[in-house]
Every structure is written in C-alpha cells, then in structure tokens.
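Peer 1: According to UniProt numbering, the stretch in the sequence shown is residues 1 to 292, in order.
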Amino acid sequence: MGVLETVAGWQLDIVHLLMTSRKERDIERSLESYVKEEDTVCLQRDVVDKDVLQYVQQRLSDDKGLAKWNKDAAIRQEIETALMRGARGMFRWAVCQLDTLVNCRNRAMLRKSLATLPQTLDQTYDRILSAISREDCEYAMRILQWLTFSARPLSVEEIAEVIAIDVARKPAFDRNEVLEDPLEALNICSSLVTITTNKVEGIPGRAQRIIALAHYSVQEYLVSNRIKQGQAKQYSMQDVECHNATTTGSLKYLTQFQQPLSREILEASALARHAAEFWSSHLRKTGNEMEK
1 MGVLETVAGW QLDIVHLLMT SRKERDIERS LESYVKEEDT VCLQRDVVDK DVLQYVQQRL
61 SDDKGLAKWN KDAAIRQEIE TALMRGARGM FRWAVCQLDT LVNCRNRAML RKSLATLPQT
121 LDQTYDRILS AISREDCEYA MRILQWLTFS ARPLSVEEIA EVIAIDVARK PAFDRNEVLE
181 DPLEALNICS SLVTITTNKV EGIPGRAQRI IALAHYSVQE YLVSNRIKQG QAKQYSMQDV
241 ECHNATTTGS LKYLTQFQQP LSREILEASA LARHAAEFWS SHLRKTGNEM EK
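Structural data, given as structure tokens:
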C-alpha cells in the first residue's frame, strides 16, 4: 500500500494504475487519500453473478467430470440454481463446489451435496481439508506446508519428493514414498492446489510444471486463526513451526548425498538444488541459529 501511495504521489500523466481488492476498511482508508470517489468502481454482486453463472454453465458443458449431469436438463438446472444461490458473487466458491460435484456418482449423492453446500470460503476449505483421506493427510500436510512457505515456486517433481520426507523418522527421506506420478499431488490436495506450465529459460521447447496453491485465499486460511476453530485445525500452518520443519526436512534430505553435491546429483534428484539453496533462508525465518 505504501508503494502504491508513492507512485500515485508522482502524479505522472503517462502512468495509469488499476487496483482491485476486497472491500476491507484498512485498504479503503489507505486509498482514500489519493483515489477520488469517481475513480472507484464497486463490483456489485448482481454484476459479478452474471459472470459466475456463465462460468458454471461453461464448466457443466465442457468439464468431462461433470458431463454426466448434462443428460438431464432438470438436473443441470438444479445444479445451476443451487450454486448461484450460494455463490453470492464469489468465483472461488463456485469453483470449489464444482470440483466437489465431480466426485458425485449418482443423483442421491449430488442432491445431498447440493443440499449441504458450505456457505463461506472458510467452510468450503474446511470441508475440503476434512475430506482428505487418512492415508493422504500426512502427504497433504507436507505439500501444503512447503507450498505455503516455499522461497520460490516448486515443480511437481520437487513436490513428489517432498512427500517422502518425514522429519520424525530416520532416515527422514524414504525414496519408496516418492510419488510415481507427480500429478497425484492434485488428487491428494483436491481444489487447494493447481498446476501451470512454464517455459524453461535458455532451453527452447522445454517446459516445467509448477504446482502452487490454487488461490491466495487458500494460504490466507491455512495461516489464519480461523482454521483452528474448524474440523481441519490439524492443517493450521504456523510460520516458525513450518519454516523449522522445512529447514530440518531439507537438511535431512541432503544428508543422503555425498557432499559437496555433484552436478549429477543435482540433475538426478529433483529436490536437491532447492533444498541446498534455500534451507538457510528458512532457518533465518525461524529466528534460530545452526548448532555447530
């Protein structure tokens, strides 16, 4: 907010800024001193709802996982009506509910899901986290922890190895736990993560699959006090605790290799370069010092 105020203070006719945010008082207070009322546009729910409806209709039409509900116009209308009643202008809410409906196998499951839709994003995330299977909950915790506090974006191959690090055991890294298919991370964390493809600089034709939290509100919820009040409180992310776990996990991961790390190791082990480069930055954020 301070940077925005500084830029606005330059009063340059050739510079135009477009800022978007939620309607929160601390943000409004900061902007009031240099943003005129006539330059403020409030995206009312009735305007946004039209776009949300278009998105819902598009997903129902094009998403292969939802195609089974296209056979009956009445069922499709039930879905649209329920989602539009609950969305109240929240795109992210609608996205998560559609992702959940993919898993409904019959009309009974579908109608039960529509009848019990969570009212808020917090309740939505709480439900998603609570639905993670017992077998996957530790893996999900490791994925979300690293993604929430990672010093840089992580590839799916790196996360596939992160899953195999348990700092409470010796050795901490178990290669047998590495995901055979790195994209399984999507199934473990459901709507909470997403994958994008980025070009690798300097290597024409090569791309890297990056995994990240699906929306800033996911990280906001994981580190908030609100998550502690719900059923998914076990996924609460505390800064120092998570940075400490990442530091320890990185170092214990690296101890499996002969030091110093060779080029061959860095190329063959997906997480090696990241662990070697960033463990110290995580350590600094814990406020602790390495024991000699």
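The beta carbon of each residue, even a glycine, is placed where N, CA and C say it ideally should be.
Just to confirm my understanding: we take A245, look at its own chain, exclude 5 residues before and 5 after, and list those with CB closer than 7 Å. What are they?
Peer 2: For A245, where only same-chain residues beyond five positions count, the Cβ hits under 7 Å are Q145, V167.
Peer 1: Given a cut-off of 8 Å, decide if V52 and A87 are closer than it, judged by their beta-carbon atoms.
Peer 2: yes
Peer 1: S280 to Q238, Cα distance in whole Å?
Peer 2: 18 Å
Peer 1: Would you report the Cα separation of E135 and M141, rounded to the nearest angstrom?
Peer 2: 12 Å
Peer 1: Taking C-beta to C-beta, are A270 and E161 nearer than 8 Å?
Peer 2: yes
Peer 1: Distance, Cα to Cα, residue 295 vs Q256?
Peer 2: Because the chain in this structure spans residues 1 to 292, residue 295 falls outside the shown range and cannot be described.
Peer 1: Buried or exposed: which applies to H16, given that a residue is buried once 16 or more other Cβ atoms fall within 10 Å of its Cβ?
Peer 2: With a 10 Å radius around the Cβ and a threshold of 16 neighbouring Cβ atoms, H16 comes out exposed.
Peer 1: Do you know how far the Cα of M109 is from the Cα of S133?
Peer 2: 18 Å
Peer 1: Excluding the 5 residues preceding and the 5 following I188 in the sequence, name in chain order all residues of the same chain whose CB lies nearer than 6 Å to its CB.
Peer 2: D136, Y139, A140
Peer 1: Straight-line CA distance for R92 to D49?
Peer 2: 12 Å
Peer 1: Specify the secondary structure class of Q208 as computed by DSSP and reduced to three states.
Peer 2: strand
Peer 1: Taking the alpha carbon of I211 as the point to measure from, which residue in E184, L117, D26 has its own alpha carbon closest?
Peer 2: The alpha carbon of I211 has as its nearest neighbour, out of E184, L117, D26, the alpha carbon of E184.
Peer 1: Quickly, what does DSSP pair L154 with across the bridge? List them, please.
Peer 2: I211
Peer 1: Check V193 in the structure and name its three-state DSSP category.
Peer 2: strand
Peer 1: By DSSP, does I14 sit in helix, in strand, or in coil?
Peer 2: I14 sits in coil when the DSSP states are folded into three classes, being neither helix nor strand.
Peer 1: Between Y216, S113, L66, D122, which has its C-alpha nearest L147's C-alpha?
Peer 2: Y216
Peer 1: Could you spell out the range, first to last residue, of the alpha helix (DSSP H) harbouring L266?
Peer 2: 263-268
Peer 1: What do you reckon, are the CB atoms on residue 296 and E158 nearer than 8 Å?
Peer 2: In the structure displayed, the chain extends from 1 to 292; residue 296 sits before or after that span and is not available.
Peer 1: Output needed for P182: all residues of its chain with C-beta closer than 7 Å, excluding positions within five of it in sequence on either side, in chain order.
Peer 2: V156, E157, I159, A160
Peer 1: Could you please give the first and the last residue of the uninterrupted alpha helix (DSSP H) stretch that includes N244?
Peer 2: 239-254
Peer 1: Between the Cα of A94 and the Cα atoms of C104, R111, P118, which residue gives the shortest distance?
Peer 2: P118
Peer 1: I need the straight-line Cα distance from Y125 to D72, nearest angstrom please.
Peer 2: About 30 Å.
Peer 1: Can you tell me the Cα-Cα spacing of L4 and A164, whole angstroms?
Peer 2: 42 Å
Peer 1: Please classify N198: does DSSP put it in a helix, a strand, or coil?
Peer 2: strand
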